[in-house]
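Below: the structure, in structure tokens.
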Amino acid sequence: MNYSLKQIPERPSKPRDVGFTMAMDKGLSNREVEDFIDGSGEYVDIVKLGWATSYVTNNLKDKLAIYKDAGIPVYFGGTLFEAFVIRDQFDDYRKLLDKYDLPFAEVSDGSIELPHDIKCEYIRKLSEQVTVLSEVGSKDEDKIIPPYQWISLMQAELDAGAWKVIGESREAGNVGLFRSSGEVRSGLVQEILTKIPFEKIIWEAPQKSQQVYFIKLIGANVNLGNIAPNEVIPLETIRLGLRGDTFHHFLNKL
Amino acid sequence: MNYSLKQIPERPSKPRDVGFTMAMDKGLSNREVEDFIDGSGEYVDIVKLGWATSYVTNNLKDKLAIYKDAGIPVYFGGTLFEAFVIRDQFDDYRKLLDKYDLPFAEVSDGSIELPHDIKCEYIRKLSEQVTVLSEVGSKDEDKIIPPYQWISLMQAELDAGAWKVIGESREAGNVGLFRSSGEVRSGLVQEILTKIPFEKIIWEAPQKSQQVYFIKLIGANVNLGNIAPNEVIPLETIRLGLRGDTFHHFLNKL
Amino acid sequence: MNYSLKQIPERPSKPRDVGFTMAMDKGLSNREVEDFIDGSGEYVDIVKLGWATSYVTNNLKDKLAIYKDAGIPVYFGGTLFEAFVIRDQFDDYRKLLDKYDLPFAEVSDGSIELPHDIKCEYIRKLSEQVTVLSEVGSKDEDKIIPPYQWISLMQAELDAGAWKVIGESREAGNVGLFRSSGEVRSGLVQEILTKIPFEKIIWEAPQKSQQVYFIKLIGANVNLGNIAPNEVIPLETIRLGLRGDTFHHFLNKL
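Keeping their order, the protein sequence lines are chains F, A and P.
Per this note's numbering, the first sequence starts with residue 1, numbered consecutively.
Per this note's numbering, the second sequence starts with residue 1001, numbered consecutively.
Per this note's numbering, the third sequence starts with residue 2001, numbered consecutively.
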């Protein structure tokens, strides 16, 4: 930190298991990646190359090398996994992870119908190869999953070998955990937390109000994802009670 | 492409006449232009320097050179044309295009009242000097043009020498083709397409939902414009059926 | 300017006392700061390091040096002042300003309750050390201050030594001067202007519609703040009547 302030919540240093920030790169150029790492890298635990953007970026190999040199693991968005699966190209996907030497992969079913035992089978298989993040929740805003089912899906995916489970929201933060307005499904979140430890969950929370909600509910060290590169520093200040939204939240509680 | 996936819509390579992406630069610095080209240049067919931003950017000559070296043509937004016309400085505008050696120009009447035969006269004159894009639709949200009139305006402007016509939306995507909410005037669009070939139209569609609408209606190779630099890669994935929004659209249809 | 247009409002050159643009840096990397200055520096009069982002940016010293070399003064957001005050660390705050050799400071009470005579006392003390900007208005959207009170608060803070007063809006532009929708409290603004000279006020106006409102009401040379780095060039065109929104506003009035 650049100067000293009292009563600031403690944050673990990297590699972090909690208080984890997953940022989304949806097509940065190599120099923009360098800028991002230079400005915010200390607060970024993992980077997702959003959905299937890795298919079209013209700089994939170099981009992965830049993140690797900075000690920031990278994974392909779950939509890419689904794009391979729906084309019956799962073996190609496994080879792809090897080719690019990726340490993480996401298993999701946001855009495809996947019987849950099959999804868990994918998690099991990929776990032998990489660390798996699995995502629960549909990108279809009409597909409402009741809380008890979120819990059993999450538990089964952790049992199948997922390192952490991700609560879906899309880039814009308007499905899955959230209403179409972006408002948090608060009852859902609280019920999930009665059964699944908060350390095992990454909440996708691209909007500030969503980040504030989770930090107030769970604390500075909640795991949050889908953070835009230029929102990583702002998020860090919210975690520390140094932005208006959480200014009073941690005072006299530390 | 960085790896191989089946059932991906075919995209023509540059120079493209369809499947054209027009991006908007509203004041990038030179190095930001380099970053933009490095990350997304392959998917950018033409760049508009938004409205009259070229008047104030401190780096115009160098900026134009950087785009030129990358083989990406640049043109000044239509509002600049109108700013010259309303000041009775059209000859200065023609000299300006020559001075900066610009290959394209836009003729529009989004902010000024221009009798349509006069507008077509400007198109005719400028066509002798550069390739002309002409824009139909007002920036004034109270000025509703009925579909049959959009069609006759577009046809007359093509007849006068416009290479393609642009459907107006503003940077924010909330007038012209769109309701103030950003929703597409779908009946208008479909009626236009019964008379004007889709290759001759560039739809300004800055919002994701608008891009998805046009890609689903017309296909991967619709011409789209007013795309923010950091949305060019995401748009390309939508064209290819590799983002949730169009994930199923092209499957089993190719 | 890159070319000549008639009937363009005159803008003073730097250092400006009016027509002042305050931009907000909420965590740019050093190279992004260089890009920002290269592209837009000519139109930036002062930069605020948003709220307490300066606590976490890993490049503070270098960042300040880059802005200084470009002749652009920098100050810490008012929330940081408040974070020191509420922790009873005001002396540390004064030392911090010295340590980083900052020429400006902001005194605000957007997130804390501060009796107004105490706030003015802080303004007086800091005025001995730096140039003070003081901010009026709460970040709490339920805290409505009536116009006569805005005026007396502003006047007292100017009397206490503030160089200019800032009308609060947050980064998103939805409290203080604005309704939660972002709409300007127009009666409030106009009543303030009957008593406080416009040169003494910086209106935080991050949204385009808010910038347009103030420019139409007060003129090209109104002081505006909380401008995102990539909106500085667009704002300059609005000031000059070169964007659709103010296209007709200055014509035939100059």
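Using N, Cα and C, we set each Cβ at its ideal position, and we do this for glycine too.
Note that this is a predicted model, so its numbers are computed, not measured.
Item	Value
Any beta-carbon of chain P closer than 8 angstroms to the one on F:Ile66?	no
Identify every residue that forms a DSSP beta bridge with P:Ser2105.	For clarity, residue 2105 of chain P is Ala in the given sequence; the question names Ser instead. P:Val2132.
Determine the direct distance from the alpha carbon of A:Tyr1100 to that of A:Gln1207, and round the result to whole angstroms.	31 angstroms
For A:Pro1073, which residues in the same chain have their Cβ closer than 6 angstroms to its Cβ, ignoring the five residues on either side in sequence?	Ile1046, Pro1103, Phe1104
DSSP state of F:Asp25, grouped into three classes?	strand
Throw me the rounded Cβ distance for the F:Thr21 and F:Trp51 pair, which I believe falls under 8 angstroms.	Between F:Trp51 and F:Thr21 the Cβ distance is about 19 angstroms, and since that is not below 8 angstroms, they are no contact.
Have a look at F:Met1, F:Gln149, F:Leu188, F:Ile202 and flag the residue whose alpha-carbon is nearest the alpha-carbon of F:Asn221.	F:Ile202
What's the gap between the Cα of P:Glu2199 and the Cα of P:Lys2119?	22 angstroms
With distance defined between alpha-carbon atoms, name the residue in A:Gly1241, A:Ala1083, A:Ser1108 nearest to A:Gly1167.	A:Ser1108
Which one of F:Pro146, F:Arg124, F:Arg179 has the shortest CA to CA distance from F:Asp159?	F:Arg124
Determine, for P:Gly2039, whether the minimum Cβ-Cβ distance to residues of chain A falls below 8 angstroms.	yes
Check whether the stretch 1223 to 1231 of chain A and the stretch 2213 to 2230 of chain P are in contact - that is, three or more C-beta pairs closer than 8 angstroms.	no
Starting from A:Gly1244, find everything on chain F with Cβ-Cβ shorter than 8 angstroms and list it in chain order.	Trp51, Thr79, Gly110, Ser111, Lys139, Arg170
Using the three-state DSSP reduction, which class does F:Val44 fall into: helix, strand or coil?	coil
Using a Cβ-Cβ cutoff of 9 angstroms, what residues of the stretch 5 to 16 of chain F are near chain P? List them in chain order.	Leu5, Lys6, Gln7, Ile8
So, does the stretch 2023 to 2031 of chain P touch the stretch 1245 to 1254 of chain A, judging by three or more C-beta pairs under 8 angstroms?	no
Can you tell me where the alpha helix (DSSP H) holding A:Tyr1100 begins and where it ends?	Run containing A:Tyr1100: none; DSSP gives neither H nor E here.
Starting from F:Ile145, trace the alpha helix (DSSP H) in both directions and tell me its first and last residue.	Taken as a continuous stretch (DSSP letters only), F:Ile145 belongs to no alpha helix (DSSP H), as it is neither H nor E.
Going by alpha carbons, who is nearest to A:Glu1231 out of F:Pro12, F:Tyr122, F:Gly27?	F:Gly27
With a 10 Å radius around its C-beta and 16 neighbouring C-beta atoms as the bar for buried, classify A:Glu941 as buried or exposed.	There is simply no residue 941 of chain A to check, as chain A begins at 1001 and stops at 1254 in what is shown.
What does A:Leu1251 touch in chain D if you count any residue whose Cβ is under 9 angstroms from its own?	No chain D appears in this structure, whose protein chains are F, A and P.
Could you please give the first and the last residue of the uninterrupted beta strand (DSSP E) stretch that includes F:Glu204?	201 to 204
Contact check, P:Gly2161 vs P:Val2132 under 8 angstroms by CB: the rounded distance?	6 angstroms
Given that P:Glu2135 touches chain F, what residues does it touch there, using C-beta distances under 7 angstroms?	Within chain F, no residue comes near P:Glu2135; the closest Cβ sits about 12 angstroms away, beyond 7 angstroms.
Taking the alpha carbon of P:Arg2179 as the reference point, which residue from P:Ile2196, P:Phe2036, P:Gly2137 has its own alpha carbon closest?	P:Gly2137
Alpha carbon to alpha carbon, what distance is there between F:Leu153 and F:Val85?	20 angstroms
Are any of the Cβ atoms in chain P nearer than 8 angstroms to that of F:Pro206?	no
For A:Arg1094, decide whether its Cβ has a neighbour in chain P, counting only Cβ atoms nearer than 8 angstroms.	no
What's the C-alpha gap between A:Ile1008 and A:His1248?	11 angstroms
Please check the pair P:Leu2240 and A:Arg1087, which I expect to be a contact at CB under 8 angstroms, by giving their CB distance rounded to whole angstroms.	About 13 angstroms separates the two Cβ atoms, so there is no contact after all.
Kindly list the residues whose CB is nearer than 6 angstroms to the CB of P:Gly2019, restricted to its own chain and excluding five residues on each side of it in sequence; keep chain order.	Arg2011, Pro2012, Asn2221
Give the DSSP-derived three-state secondary structure of P:Asn2223 in the structure shown.	coil
Of all the options F:Tyr55, F:Glu171, F:Ile144, which has the alpha carbon lying nearest to the alpha carbon of F:Arg185?	F:Ile144
Please work out which residues of its chain come closer than 7 angstroms, Cβ to Cβ, to P:Val2130, disregarding the five sequence neighbours upstream and downstream, and give them in chain order.	Leu2097, Leu2102, Pro2103, Phe2104, Ala2105
Once you ignore the five residues that flank A:Phe1036 on each side, which residues in its own chain have a CB closer than 6 angstroms to its CB?	Pro1229
Pull out every residue of the stretch 1215 to 1234 of chain A whose Cβ sits closer than 9 angstroms to any Cβ of chain F, in chain order.	Asn1230, Glu1231, Val1232, Ile1233, Pro1234
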